[in-house]
Amino acid sequence: MTKRTKKVGATGKYGVRYGASLRKQVKKMEISQHSKYTCAFCGKTTVKRTAVGIWDCKGCGKKLAGGAYLLSYVQFLPPTTVSYGIQLDLPEGNISGKQTSNMYHLQQDTCCRCFPFDNPSSERNC
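In terms of numbering that gives the first Met the number 0, the sequence shown opens at residue 0 and continues consecutively.
What follows is the structure in structure tokens.
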């Protein structure tokens with residue numbers, strides 16, 4: 000039988016060279032860059048890295064731009080809800096959100112909302 004590695008995994012090919020801490024860093028990067036990720040477009044776990052910063056979904060065929068070793072670095076941040084405040088000097092209309100004097104506080108997760116000043120009821124995504 001062949002010799003197996005217990006702790007070092009994919010970095011066993013380096014042997015005792017380069018130091019333990021550098022091999023641990025390389026192991027972390029190699030695991031993340033060779034794993035499959037979930038596609039934001041089709042929802043399948045078929046996104047793989049093709050080159051540095053280029054990720055390809057085998058399910059829907061889309062090419063994505065991302066990090067060198069991870070598809071997205073944002074997924075490791077704690078989930079937060081960002082509040083955006085927009086100063087509007089308009090009468091009350093059907094703009095969604097809480098109004099405090101002239102400030103509309105909108106709860107958003109990923110994108111900001113744009114309100115044209117000529118027609119405040121026509122809300123659109125940026």
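Just so you know, even glycine gets a beta-carbon here, dropped at the ideal spot from N, CA and C.
Which residue's Cα is closest to the Cα of Ala64: Arg16, Ser20, Ala39 and Val25? As a working mapping, residue 64 is identified with position 65 in the sequence shown. Selected option, being the one with the closest Cα: Ala39.
Residue environment, Val51, which counts as buried when at least 16 other CB atoms sit within 10 Å: Taking the first residue of the sequence shown as 1, we reach residue 51 at position 52. Exposed, since its Cβ has fewer than 16 Cβ neighbours within 10 Å.
Where does the unbroken alpha helix (DSSP H) through Lys61 begin, and where does it stop? The count along the sequence shown starts at 1 and reaches residue 61 at position 62. Following the DSSP letters along the chain, one finds Lys61 in no alpha helix (DSSP H), marked with neither H nor E.
Alpha-carbon to alpha-carbon, Lys35 and Leu69: As a working mapping, residue 69 is identified with position 70 in the sequence shown. As a working mapping, residue 35 is identified with position 36 in the sequence shown. Cα to Cα, Leu69 sits roughly 10 Å from Lys35.
To which residues of the same chain is Glu29 closer than 6 Å at the C-beta, ignoring the five residues directly before and after it? As a first step, residue 29 is located in the sequence shown; it is residue number 30 there, counting from the start. Once the five neighbours on either side are set aside, the close Cβ partners of Glu29 are Ala9.
Using 10 angstroms around the beta-carbon of Val81, count the other beta-carbons present and answer buried if the total reaches 16, otherwise exposed. Indexing the sequence shown from 1 puts residue 81 at position 82. The predicted model places Val81 with a pLDDT of 49, which falls under 50 and marks its position as unreliable, so this point remains unresolved.
8 Å contact criterion, which Lys26 and Val7 should meet: CB distance rounded: Along the sequence shown, read from residue 1 onward, the residue named residue 26 stands at position 27. Along the sequence shown, read from residue 1 onward, the residue named residue 7 stands at position 8. Contact holds; Cβ gap of about 7 Å.
Work out the CA separation of Lys12 and Gly18 for me, nearest whole Å. What you label residue 18 is simply residue 19 of the sequence shown in a count that begins at 1. What you label residue 12 is simply residue 13 of the sequence shown in a count that begins at 1. So the alpha carbons of these two residues sit roughly 13 Å apart.
Just the C-alpha distance for Asp55 and Ala67, rounded to the nearest angstrom, thanks. For the purposes of this step, residue 55 is taken as the residue at position 56 of the sequence shown. For the purposes of this step, residue 67 is taken as the residue at position 68 of the sequence shown. So the alpha carbons of these two residues sit roughly 13 Å apart.
Less than 8 Å between C-beta atoms, sequence neighbours within five positions excluded: which residues of the same chain meet that for Arg22? For the purposes of this step, residue 22 is taken as the residue at position 23 of the sequence shown. Closer than 8 Å at the Cβ level, and outside the excluded window around Arg22, lie Val7, Thr10 and Tyr13.
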